[in-house]
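A short write-up of the structure that comes next.
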Amino acid sequence: AQSVTQLGSHVSVSEGALVLLRCNYSSSVPPYLFWYVQYPNQGLQLLLKYTSAATLVKGINGFEAEFKKSETSFHLTKPSAHMSDAAEYFCAVLYPGYSSASKIIFGSGTRLSIRP
Amino acid sequence: EPEVTQTPSHQVTQMGQEVILRCVPISNHLYFYWYRQILGQKVEFLVSFYNNEISEKSEIFDDQFSVERPDGSNFTLKIRSTKLEDSAMYFCASRSLAGKDTDTQYFGPGTRLTVL
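Chains as they are written, first to last, in my numbering: chain A, 1 to 116; chain B, 1001 to 1116.
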């Protein structure tokens, strides 16, 4: 079955520290992978995406993620956390060709808190 | 920058009442989606819509739900007889079929539906 797993429902880091949010997917075919961010009381904003080009993907706000096929992972990182990074982060997968509609399957989300 | 818009931002209704959630997708997009997020849970796919018909729907999307594109700009989700468990944030998304971003779904800010 197609699924995406986010390890850790809540991650807390100090301001200036490394942010690492983990995401693993299950798939027998190469998926497209996304990270979305949801700030309080707002919608889903695309942070970055992997669509079978470069395995290291850079997104907005200094975030990046690396696609590792051997580990079926797509972890999100940021070298130095900022207070404004506090939000809910969703990893998501899309299986091109699975259906023409290409629905997105979301992980359960990771709430990132930043300590001053 | 073009964006998906949704109205209302918050809808409160009584159980058994009909509600219509409205979305205006990005103007040149042709694929439309509804997702929902029950409080504290993951974002779930409901339905996709293309060429004036449903492309795919989830098991959540039962006979109480319907979608429509009544004109050239709006995309609506109707719930005929709301239940308490329909309380959730409903997200609309749209996708282009041309250009370099055909794999990306752009989300609206959501409508929070509260069923009393």
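Even for Gly, the Cβ is constructed at its ideal location relative to N, Cα and C.
Bear in mind that the values here come from a model prediction, so they are computed numbers and not experimental data.
Spell out whether any CB of chain A is found under 8 Å from the CB atom of residue i.
i, result
"aspartate 1103(B)", "yes"
"phenylalanine 1091(B)", "yes"
"glycine 1110(B)", "yes"
"phenylalanine 1107(B)", "yes"
"glutamate 1056(B)", "yes"
Under 8 Å, Cβ to Cβ, is there at least one residue of chain B near residue i?
i, result
"threonine 5(A)", "no"
"tyrosine 32(A)", "yes"
"serine 113(A)", "no"
"phenylalanine 74(A)", "no"
"leucine 94(A)", "yes"
"phenylalanine 67(A)", "no"
"isoleucine 104(A)", "yes"
"glycine 109(A)", "yes"
"phenylalanine 63(A)", "no"
Taking DSSP's pairing of strands, which residues face residue i in a bridge?
i, result
"glutamine 6(A)", "Cys23(A)"
"arginine 115(A)", "Ser14(A)"
"tyrosine 39(A)", "According to DSSP, which records beta bridges pairwise, tyrosine 39(A) is partnered with nothing at all."
"methionine 1089(B)", "Gln1037(B), Arg1112(B)"
"glutamine 1006(B)", "Cys1023(B)"
"isoleucine 104(A)", "Leu94(A)"
"valine 29(A)", "None, per the DSSP bridge assignment."
"glutamine 45(A)", "Val37(A)"
"glutamate 1001(B)", "DSSP, once it has assigned bridges, lists no residue as partnering glutamate 1001(B)."
Mind checking which residues open and close the beta strand (DSSP E) that includes residue i?
i, result
"phenylalanine 1032(B)", "1031-1037"
"valine 1019(B)", "1019-1024"
"arginine 1112(B)", "1111-1115"
"histidine 1010(B)", "1010-1013"
"threonine 1076(B)", "1075-1079"
"isoleucine 1054(B)", "1053-1057"
"lysine 1083(B)", "Per DSSP, lysine 1083(B) belongs to no beta strand (DSSP E) and is neither H nor E."
"phenylalanine 1191(B)", "With chain B running from 1001 to 1116 in the structure shown, residue 1191(B) is simply not present."
"threonine 77(A)", "73-78"
"serine 1048(B)", "1043-1050"
"valine 1067(B)", "1065-1068"
"glutamate 64(A)", "64-68"
"leucine 56(A)", "56-58"
Following a CB-centred definition, is residue i positioned closer than 7 Å to any heavy atom of the ligand MG?
i, result
"glutamine 2(A)", "As far as ligands go, the structure on display features none, and thus does not contain the ligand MG."
### Query
Taking a cut of 8 Å between CB atoms, which residues from the segment 1035-1050 of chain B lie near chain A?
Tyr1035, Gln1041, Lys1042, Val1043, Glu1044, Phe1045, Ser1048, Tyr1050
### Residues within the segment 33-50 of chain A neighbouring chain B, beta-carbon criterion of under 7 Å
Gln42, Gly43, Leu44, Leu46, Lys49
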